[in-house]
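Structure record follows, encoded as structure tokens.
Numbering (mature numbering (1 follows the signal peptide of the UniProt record, and there is no 0)), first residue to last: -22 to -1, 1 to 125.
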């Protein structure tokens, strides 16, 4: 179902009634070109578009930069991370009514950053991203605002 929902959202065809909801895509469903996402290095850094503090010295960032010759956005978690901290990027084509959650991607070792896959940006005001994270053992999820 996640694959179908991801493909439907990627093509602009997913419409759901009721509260805003996410179509979840595993890391494999949004890397290596799947659903238009590009894999990037786990430690890639770009320009900050939005940030949110997770507490404990950890920050989740929505970043953008050039990937494969085009401007793309991605999520990054960094700071005093611990193995098991997670980061992902939500992508919407309808101003957040529905979105595709790309990830989560898990930090592998203490103090290491990690990133989501990257997705091409757009000048459309309804085509937006946000970055989200969850700290191992804390249980609270925080997200940036949409960009």
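In this text, a Cβ means the ideal position worked out from N, Cα and C, and glycines have one as well.
Note down the Cα distance separating residue i from residue j, rounded to an integer number of angstroms.
| i | j | result |
| --- | --- | --- |
| residue 100 | residue 106 | 8 Å |
| residue 45 | residue 14 | 12 Å |
| residue 12 | residue 108 | 19 Å |
| residue 34 | residue 116 | 10 Å |
| residue 17 | residue 75 | 26 Å |
| residue 62 | residue 121 | 17 Å |
| residue 91 | residue 79 | 19 Å |
| residue 10 | residue 118 | 29 Å |
Candidates the options: which alpha carbon is nearest residue i's?
| i | options | result |
| --- | --- | --- |
| residue 103 | 85, 73, 81, 115 | 73 |
| residue 114 | 77, 48, 32 | 32 |
| residue 98 | 20, 22, 69 | 69 |
| residue 85 | 112, 76, 75, 122 | 112 |
| residue 19 | 79, 58, 43 | 43 |
| residue 89 | 123, 63, 58 | 58 |
| residue 124 | 83, 10, 77 | 77 |
Assuming contact is defined by CB atoms lying nearer than 8 Å, are residue i and residue j in contact in what I supplied?
| i | j | result |
| --- | --- | --- |
| residue 56 | residue 29 | no |
| residue 53 | residue 8 | no |
| residue 65 | residue 81 | yes |
| residue 47 | residue 96 | no |
| residue 49 | residue 23 | no |
| residue 21 | residue 39 | no |
| residue 94 | residue 67 | yes |
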